[in-house]
Amino acid sequence: MITHEEAVQKINDLSSFSRMCAFVSNLSKSSAAPSLSPSNKDMQAVLEKDLSVNVYRDGQWGVFRHQLIPQELNEEMAEHAYVNVLTRGDLSSLRWIVSPLRHFTPTSPNVQLCHVYYSSLNFRDIMLATGKLPPDAIPGDLALQQCMLGMEFSGRDNSGRRVMGLLPAKGLATCVDADQRFLWDVPSSWTLEQAASVPVVYATAYYALVVRGRLRPGESVLIHSGSGGVGQAAIAIALSQQCRVFTTVGSAEKRAYLQERFSQLSADSFANSRDTSFEQHVLLHTQGKGVDMVLNSLAEEKLQASLRCLARHGRFLEIGKYDLSNNSPLGMALFLKNVAFHGILLDALFEEGNREWEEVSELLKGGIKNSVVQPLRTTVFERGQVEEAFRYMAQGKHIGKVLLQVRSEEKGTGTHSAPLSLPAICRTSCPASHSYIITGGLGGFGLELAHWLTERAARKIVLTSRSGVRNGYQAKRVREWQEMGVQVLVSTSDVSTMEGTRRLIAEAAKLGPVGGIFHLAMVLKDGMLENLSPGHFQDVNKPKYNGTIHLDRVTRQLCPELSYFVVFSSVSCGRGNAGQSNYGFANSTMERICEQRRHDGLPGLAVQWGAIGDVGVVLETMGGNDAVIGGTLPQRITSCMEVLDRFLNQPRAVMSSFVLAERAVMAKSEGSGQRDLVEAVAHILGVRDVSSLNADASLADLGLDSLMGVEVRQTLERDYDIVMAMRDIRQLTINKLRELSSKQGGAEESRPSPLKRAGTGELSESDLSLLLVNPDGPTITRLNEVQSAERPLFLVHPIEGSITAFRTLTAKLSVPCFGLQCTKAAPLDSIQSLAAYYVECVRQVQPEGPYRIAGYSFGACVAFEMCSQLQAAQKAVEYLFLFDGSHSYVAAYTQSYRAKLTPGKESEAETEALCAFIQQFTGTEYNKLLETLLPLSDLEARVNVAVDLITSSHKNMSRESLHFAASTFYYKLKAADQYVPATKYHGNVTLLRAKTSSDYGDGLGADYRLHEVCDGKVSVHVIEGDHRTFLEGEGVESITGIIHSSLAEPRVSAREG
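Mapped onto UniProt numbering, the consecutive letters of the sequence shown carry residue numbers 1 to 1057.
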């Protein structure tokens, strides 16, 4: 008999216990089940936590939780690895990656494994890694490969023989699988370092000059970039045939090196590769005839100038890929001279059936024998300096070849390579001798997974399907793999039975040892829990649970070489999804099996995928890749494969991957919000005309079933951030939905627009107005209020014509500062005229020198000419400061556009300039601007339209100032483009250049070519920031310090007369 109080206590204990779910998930067979008695001490601790679900595993209570995995990629120490760029265009992402050659098996008698000692960088590698050359510009199917870097090496084969050779790709590696047809023995007098400098450059030069160009003795040849690898090889070959050689170089150092190496070259043999002056040089020294052959690697306007150097009946050999991949126009009139144009791609020699390779190979062998082929000068980087090597070569300052040293060469000819080990990113690879099973392999994801496995070297694939190949797409994919040499077996064996599973493993084992199983098979029977029957659970569990348990048991017995046991689970298991309780349960059972396998030391991985894009159910039934499903977006297939690769190389049994959708509230305003929410629910109910519904009837009365309810709840949560229980959703009415959307619309209106958030980097209208100049205002303006006996500093405006950019700087300077801005009074027909006018303005403030002049960007060009004119007038110049500009800076910018223009068509030049001007103020697309401006009759019409476009976005800006700014913008660009200094500047120059410079700035060299027009010292200071920002923040502090330091040391460039 128990007392009343004891009875109440027991009822309370049982009440607490009834609210708790306990899941026992022991992995160790020796682990006992826990006591679930409410009086048990451990159970009391669990009950105190008051968790809905508690998991007991091997003596510990806890819960399942998702944890973010580290961002760092998994690495391992590897003997076989190759270099690739993880993000195309980002050289800092160059990494060593584990190579599939750790499972190397020869694919043909000609292929052998070679150990790399030195690997060479070529400009193809730089262009591909930086993203300047698209992968599809390379011939053949290389664009389909993940790594395209590296195509030559030197090293030893398995017998210890010293070899050098060519590869289609993956040559930046510790080991390569090389075709013997593309290998040569290394002469005993060469080191392996020297040998690595030979294959690509001499093969390219022989292929271009002799095989394609049919070079004949005594002809004249123009060879661009002569100090480069191909350039030196081509010079050697041409001189061996007694040809007259012209070559271009970019520096005096490179010229001196070539003259030392090739004594036959005279001073007339050299021209400048940095501009188009080589055209006049070649024509001058050939009496206007041109050359018989041009070996070209230059681009854009330099390519066009090279074409004009070609004599009648000449041959043009294009080894650069930039203009070819950009489909740059050539001009058919060229061929009236009976010339031939050859695109030279060494990569094409790797294609099957190309007989020209045999000729190239024999020519190179002959060149080695008769000493025409000689190793080049090399710059060597260690294997841990991959990024540094790429960046060094990208600068174009090297002579000869840039090498990556992988191993040190041993002494002796028959020495075998010692194994090495280096840290490399883990990468899934499949031994070609093993077979790989994909259940459900003919579905959308299954076919993509099968293709991914073939890319990872799998050559034996087994795909299961209950009905076999059913459509043309499936048959096409299978046929494509078979054409690649992949054995593909389509099996109808059913893994939901033990007999079917054993039969499947036996079928796969006939192809080769089973190396991986990927279990994708699934059946969906969705429904709310109260509507599900035992049959619904059984149907979904058959392929999932039954299939996994059968595969687990059979592979434990019959697959000792199994490396991958992967099941595809779902976030419906890991995070839950209403209407899929049976599907979530089935996936959970698979995950527990994988956990048990990992515990037992066997491979096991379950991946909880979210919605999958591109293929499968989502694409076919839910609206494609933009559909938002349960707060997630479909994950694209390429992303899935990248994630799977990472998951396969980590030790955990259960992983999850999905893409969160950004919450996008549909209600933009009160009215549209009502319409959107009500229409969304009506659409779910299958009702087209909302007005036909009883506004006070509940959704349950209007025909809402359980599946519709789930969709309505997801719509409310996903799009409107409204969380409601299912019973409340059933009681919603149309009027209630309108009320909800009204509140949501009001809330949305109170939020700041994301387009108006701070920090977007957009300039306000007032900021933009500061870029404009009053056309009728003064030309020279005081920039600070410093009262001092110090001589003033005069600063010339940038291309916009405004001196606003100098305000922050001059406020920090301790000397008086005056700014020169472009007004109506300024002549813009030439830089010389503008400079002469500004000199007059300066002398009105300071009649006599010495003068202190500075200029920014375009203004640097004008400031340089002002100082030259002051010197010519015997007026002393004390200091010349140039802010990220020089005499040729703007011209370098305009040249990048001039190459695209039709010579003599001023309309195109005007349009290009105005497009650049408009895009300072609006985000209008370039192509749209081009279509609008180019057909107009003249510059005035184009300027008027430009002003209209800008004021449509910025209504408070002065039309008069905009009109003046737009028209003068073009004239200033034109004047700078045509400017050539008449004399050298006799004095020192201080260049303050931005650290993050533009492509055309980089092309001018460290001092922006000032050494060419200045016989004094050019001091270069690099300032943090880019062309626009370096006059702000930290940059302006640095510039202030440099100017003050310079002014403390007076210097005069020329005495006054």
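Note that beta-carbon positions come from the ideal geometry of N, C-alpha and C, so glycine has one too.
Check: Euclidean distance between Cα positions of Leu1047 and Leu1031; Outcome: 19 Å
Check: Validate contact between the segment 266 to 280 and the segment 861 to 871 using beta carbons, cut 8 Å, 3 pairs; Outcome: no
Check: Residues bridged to Asp185 [DSSP beta-bridge criterion]; Outcome: Val163
Check: For Cys573, the first and last residue of its enclosing alpha helix (DSSP H); Outcome: Val571 to Gly574
Check: Proximity winner among Ala941, Glu848, Ala826 and Pro847, relative to Tyr838 (alpha-carbon distances); Outcome: Ala826
Check: Burial state of Tyr118 (16 or more Cβ within 10 Å); Outcome: buried
Check: Candidates Leu404, Gln280 and Arg214: closest to Phe341 by CA position; Outcome: Arg214
Check: The segment 65 to 75 touching the segment 638 to 653, judged by at least three CB pairs closer than 8 Å; Outcome: yes
Check: Of the listed residues Tyr56, His954 and Arg959, nearest to Val943 (C-alpha basis); Outcome: Arg959
Check: N- and C-terminal bounds of the beta strand (DSSP E) containing Asp179; Outcome: Cys175 to Asp179
Check: Spatially closest choice to Glu352 from Leu685, Pro168, Gln731 and Ser266, by CA coordinates; Outcome: Pro168
Check: Chain D within 9 Å of Leu933, Cβ atoms only; Outcome: Here there is only one protein chain, and chain D is not present.
Check: Supposed contact pair Met498 and Ser550 - C-beta distance, whole angstroms, cut 8 Å; Outcome: In the sequence on display, residue 550 carries His and not Ser. So it is a contact: roughly 5 Å between Cβ atoms.
Check: Simplified DSSP state of Glu152, which is helix, strand or coil; Outcome: strand
Check: Candidates Asn110, Glu908, Ser225 and Ala233: closest to Leu183 by CA position; Outcome: Asn110
Check: Ala271 (DSSP reduced to helix, strand or coil); Outcome: strand
Check: One or two residues paired with Pro423 in a DSSP bridge; Outcome: Met77
Check: The segment 125 to 138 / the segment 412 to 429 touching (three or more Cβ pairs under 8 Å); Outcome: no
Check: Strand pairing of Ala22, partner residues [DSSP]; Outcome: Asn54
Check: As assigned by DSSP and simplified to three states, the class of Leu511; Outcome: helix
Check: Delimiting residues of the beta strand (DSSP E) encompassing Ser656; Outcome: Val654 to Ser657
Check: Start and end residues, beta strand (DSSP E) containing Asp1026; Outcome: Val1018 to Asp1026
Check: For Ile803, the three-state DSSP class (helix, strand or coil); Outcome: coil
Check: DSSP-derived helix/strand/coil call for Glu595; Outcome: helix
Check: N-terminal and C-terminal residue of the alpha helix (DSSP H) that Gly444 is part of; Outcome: Gly444 to Glu455
Check: Same chain only: Cβ atoms within 8 Å of Glu547, ignoring 5 sequence neighbours per side; Outcome: It should be pointed out that residue 547 corresponds to Gly in this sequence rather than to Glu. The answer, listed in chain order, is Thr439, Val495, Ser496, Thr501, His519 and Ala521.
Check: Residues bridged to Leu820 (per DSSP); Outcome: Ile780 and Val796
Check: Cys114 - containing beta strand (DSSP E), residue span; Outcome: Val111 to Leu121
Check: Sheet register partners of Tyr856 (DSSP bridge); Outcome: Phe883
Check: Contiguous alpha helix (DSSP H) assignments of at least 4 residues, all confined to the segment 380 to 436; Outcome: 386 to 394
Check: Cβ pair count under 8 Å reaching 3, the segment 205 to 224 against the segment 298 to 309; Outcome: yes
Check: Pairwise C-alpha distance: Val690 and Val678; Outcome: 8 Å
Check: Nearest-angstrom beta carbon gap, Ala203 and Val402 [assumed within contact, 8 Å]; Outcome: Rounded, the Cβ-Cβ distance is 18 Å, inconsistent with contact.
Check: Asn694: first and last residue of the uninterrupted beta strand (DSSP E) it sits in; Outcome: Here Asn694 belongs to no beta strand (DSSP E), and DSSP marks it neither H nor E.
Check: Continuous beta strand (DSSP E) assignments of at least 3 residues falling wholly in the segment 247 to 294; Outcome: 270 to 272
Check: Exposure label - Thr105; buried when at least 16 CB within 10 Å; Outcome: exposed
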